Amino acid sequence: MSKRIIRAIIIFIVIVAATFVFLYYMRMVSLIRQVTPQTHNSEKSTSVELGKLPSVTGWIDEGHNTNYSIFLRPLGALKAVMLFVDFPNAPATQAPNGYQDTQSYYERLAPAREWFLNSSYGLLNLEITPINQWYHMSRNDYEYGFTRGLTWEAHVEYIKEVIKLADNDVDFSNYDIIYIVPTKNADGITYSPAYIDSTGGMIEADGKPIRHVVTFGQDMWYWGYKVLCHETLHLFGLPDLYAFEPIIVESKLEWHYYVGGWSLMGLISGHAPDLFAWEKWKLGWISDTQVNVVTLAGTTWHNLTPVERAGGIKMVVIRIGYTTAYVIESRRPLGNDWKAKDSGVLIYKVDSSVQSGYGPIRVFDAYPREDRWPSRDLDHACFGTIEGKNSTFIDEKTGITVKVIYQDDEHEHDLIEVTLSKDLWT
52 MSKRIIRAII
62 IFIVIVAATF
72 VFLYYMRMVS
82 LIRQVTPQTH
92 NSEKSTSVEL
102 GKLPSVTGWI
112 DEGHNTNYSI
122 FLRPLGALKA
132 VMLFVDFPNA
142 PATQAPNGYQ
152 DTQSYYERLA
162 PAREWFLNSS
172 YGLLNLEITP
182 INQWYHMSRN
192 DYEYGFTRGL
202 TWEAHVEYIK
212 EVIKLADNDV
222 DFSNYDIIYI
232 VPTKNADGIT
242 YSPAYIDSTG
252 GMIEADGKPI
262 RHVVTFGQDM
272 WYWGYKVLCH
282 ETLHLFGLPD
292 LYAFEPIIVE
302 SKLEWHYYVG
312 GWSLMGLISG
322 HAPDLFAWEK
332 WKLGWISDTQ
342 VNVVTLAGTT
352 WHNLTPVERA
362 GGIKMVVIRI
372 GYTTAYVIES
382 RRPLGNDWKA
392 KDSGVLIYKV
402 DSSVQSGYGP
412 IRVFDAYPRE
422 DRWPSRDLDH
432 ACFGTIEGKN
442 STFIDEKTGI
452 TVKVIYQDDE
462 HEHDLIEVTL
472 SKDLWT
């Protein structure tokens with residue numbers, strides 16, 4: 052065979068290959084542009100209301116119908132006042148250098164406002180007003196009962212005393228939230244619980260029931276401002292996603308085997324602390340028009356945009372039971388997740404009947420058991436199309452298959468194909 056013929060064959064093969072690549076690319080672009088706000092196959096779309104799971108625990112859970120007669124609605128401007136306290140055995144004058152003035156404490160926690168603005172797409176403006184003086188508590192710090200066994204009664208008495216001390220300086224009727232911050236040397240105030248009064252009758256000031264308070268402890272020096280975000284999210288009705296009952300791995304306690312570092316309600320210092328799309332939908336930060344719900348047999352296509360950015364379709368909900376659903380979302384190293392160790396399509400199960408701390412959300416791992424530590428394993432749970440990624444999720448029990456079809460390099464789109472072998476919930 053002559054060199055001319057060989058050259059012609061090579062050129063022909065190159066042209067055919069280039070044409071195939073071009074057509075495939077154009078097909079992907081076409082799919083991205085053509086996917087409707089609900090689903091590519093409109094006859095398979097389902098009313099978004101069908102994707103909303105009920106609240107059934109009677110307290111904080113992942114149910115959609117949050118009781119806003121108890122919890123705060125996290126939209127618009129919420130006003131918080133920040134009070135600072137010291138103790139006879141831990142006076143502010145004896146705090147470490149740089150922490151004898153209240154300003155350093157406020158600056159430690161103030162970035163929470165920006166975190167909420169980012170996570171809520173600008174829908175929540177948390178305005179924190181510091182009262183820059185020390186209020187002197189009557190007892191030593193260790194006498195207030197701040198252990199993991201802190202009683203409701205002890206918490207109420209602590210808050211009551213602080214409010215009484217500050218009442219001449221603060222009109223509490225102007226505020227939605229009260230933050231109480233102890234001096235840095237108050238070792239007896241160990242952690243930072245949220246206080247939610249469902250009755251509105253325990254504490255009153257300036258003619259207003261005091262129902263939403265966060266009392267900070269020494270863990271704020273480990274977690275930083277994100278502990279304010281975490282505890283405030285409890286005031287909005289979100290449950291804990293870390294485990295209340297740890298497992299033992301290599302002789303150590305593992306608390307984060309449900310969601311790893313994918314939500315601030317799990318590991319506060321996690322690599323991707325922005326909230327799950329499901330949580331944002333529950334809070335009202337993602338609208339119904341940004342949610343695709345699928346429950347009918349067949350195949351649909353969905354163009355997801357990252358949870359960390361505003362706009363676009365944020366999640367696909369596959370309802371599988373009265374209190375259960377699978378959720379599919381896109382996570383990228385953007386915004387509050389700028390330190391994310393992984394990116395792509397994240398899939399998880401929601402069960403609104405499961406109580407806080409017992410796994411109301413559980414992430415499916417695209418690469419299970421790569422790491423003996425479940426939380427580290429889940430930190431690389433995303434599905435995707437790049438080399439080395441698992442692009443397909445299959446659940447034989449429910450007949451659900453999710454395939455990542457296309458991902459762009461600009462963190463803008465994840466095109467997924469969802470196939471249900473049978474009707475799941477109608």
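For our numbering, count along the sequence shown from 1 and bump the result up by 51.
Even glycine gets a Cβ: it sits at the ideal position worked out from N, Cα and C.
Predicted model, so just to flag it, every value in this text is computed and none were measured.
Coil, strand or helix - residue i by DSSP
{"i": "T449", "result": "coil"}
{"i": "V278", "result": "helix"}
{"i": "F223", "result": "helix"}
{"i": "T266", "result": "strand"}
{"i": "Q184", "result": "strand"}
{"i": "L471", "result": "strand"}
{"i": "G173", "result": "coil"}
{"i": "L429", "result": "helix"}
{"i": "T241", "result": "coil"}
{"i": "A143", "result": "helix"}
{"i": "E461", "result": "coil"}
{"i": "W476", "result": "coil"}
{"i": "S255", "result": "Per the sequence shown, residue 255 should be read as Glu rather than Ser. Strand."}
{"i": "L466", "result": "strand"}
{"i": "T283", "result": "helix"}
{"i": "E178", "result": "strand"}
Unbroken alpha helix (DSSP H) run spanning residue i, endpoints
{"i": "N169", "result": "163 to 170"}
{"i": "V247", "result": "Checking the sequence, you will find Ile at residue 247 rather than Val. Taken as a continuous stretch (DSSP letters only), I247 belongs to no alpha helix (DSSP H), being part of the beta strand (DSSP E) at 245 to 247."}
{"i": "E158", "result": "154 to 160"}
Contacts around residue i, its chain only, beta-carbon distance under 8 Å, and the 5 residues preceding and following it disregarded
{"i": "L286", "result": "F122, L123, I228, A245, I247, H263, V265"}
{"i": "R427", "result": "G311"}
{"i": "P425", "result": "I298, V300, E305, H307, Y308, G311"}
{"i": "P105", "result": "G114, H115, N116, Y373, T374, S403"}
{"i": "D220", "result": "I182, Q184"}
{"i": "K390", "result": "H322, A323, P384"}
{"i": "Y226", "result": "K130, A131, V132, T180"}
Sequence-distant residues of the same chain with beta carbon closer than 6 Å to residue i, five excluded per side
{"i": "I1", "result": "Here the chain has residues from 52 to 477 only, and residue 1 is not among them."}
{"i": "T241", "result": "F197, G268, Q269"}
{"i": "L397", "result": "E380, R382, C433"}
{"i": "K211", "result": "I254"}
{"i": "K392", "result": "H322, D430"}
{"i": "I231", "result": "L134, V213, T266"}
{"i": "D339", "result": "V99"}
{"i": "K400", "result": "Y377, R413"}
{"i": "I456", "result": "L466, E468"}
{"i": "D388", "result": "A323, D325, E359"}
{"i": "T153", "result": "F135, N183"}
{"i": "V207", "result": "M253"}
Endpoints, beta strand (DSSP E) assigned at residue i
{"i": "P233", "result": "228 to 233"}
{"i": "L129", "result": "127 to 137"}
{"i": "V99", "result": "Counting along the chain, V99 falls outside any beta strand (DSSP E), and DSSP gives it neither H nor E."}
{"i": "V213", "result": "Where V213 is concerned, there is no enclosing beta strand (DSSP E), although the alpha helix (DSSP H) it sits in stretches over 203 to 217."}
{"i": "V107", "result": "V107 -> no beta strand (DSSP E), and no H or E assigned at all."}
{"i": "N343", "result": "342 to 345"}
Close Cβ partners of residue i (< 7 Å) along its chain, the five nearest in sequence each way excluded
{"i": "L216", "result": "Y186"}
{"i": "T97", "result": "V344, V345, T346, L347"}
{"i": "I371", "result": "Y377, T449, L475, W476"}
{"i": "A205", "result": "Y195, G196"}
{"i": "N224", "result": "For clarity, residue 224 is Ser in the given sequence; the question names Asn instead. So the qualifying residues of the chain are D257, G258, K259."}
{"i": "A328", "result": "I337, V358, K365, M366, V378, E380"}
{"i": "E463", "result": "T356"}
{"i": "T436", "result": "S442, V455, Y457, Q458"}
{"i": "D481", "result": "Nothing can be reported for residue 481, as the shown portion of the chain is limited to 52 through 477."}
Residue i CB to nearest heavy atom of the ligand ZN below 8 Å
{"i": "P357", "result": "Only the bare structure without any ligand can be found here, which leaves the ligand ZN out of the picture."}
> Which runs of the alpha helix (DSSP H), 4 residues or longer, sit entirely within the region 294 to 336?
Replying inline: Here the runs fully enclosed are 328 to 334.
> Contact between the region 155 to 163 and the region 250 to 259: three or more CB pairs below 8 Å?
Replying inline: Segments in contact, no.
>> To test your reading of the DSSP string, which unbroken beta strand (DSSP E) runs of 3 or more residues are found completely within the region 353 to 425?
In response: Unbroken beta strand (DSSP E) stretches of 3 residues or longer found wholly inside the region 353 to 425: 366 to 370, 375 to 382, 395 to 402, 412 to 414, given in chain order.
> Given 8 Å as the limit, is there contact between the region 135 to 143 and the region 313 to 331, that is, 3 or more CB pairs closer than that?
Replying inline: By the Cβ test, the region 135 to 143 is not in contact with the region 313 to 331, since fewer than three Cβ pairs between them sit closer than 8 Å.
>> Measuring CB atoms only, is the region 350 to 360 touching the region 403 to 417, in the sense that at least three cross pairs come out at less than 8 Å?
In response: When C-beta atoms of the region 350 to 360 are compared with those of the region 403 to 417, fewer than three pairs fall below 8 Å, so the two segments do not count as touching.
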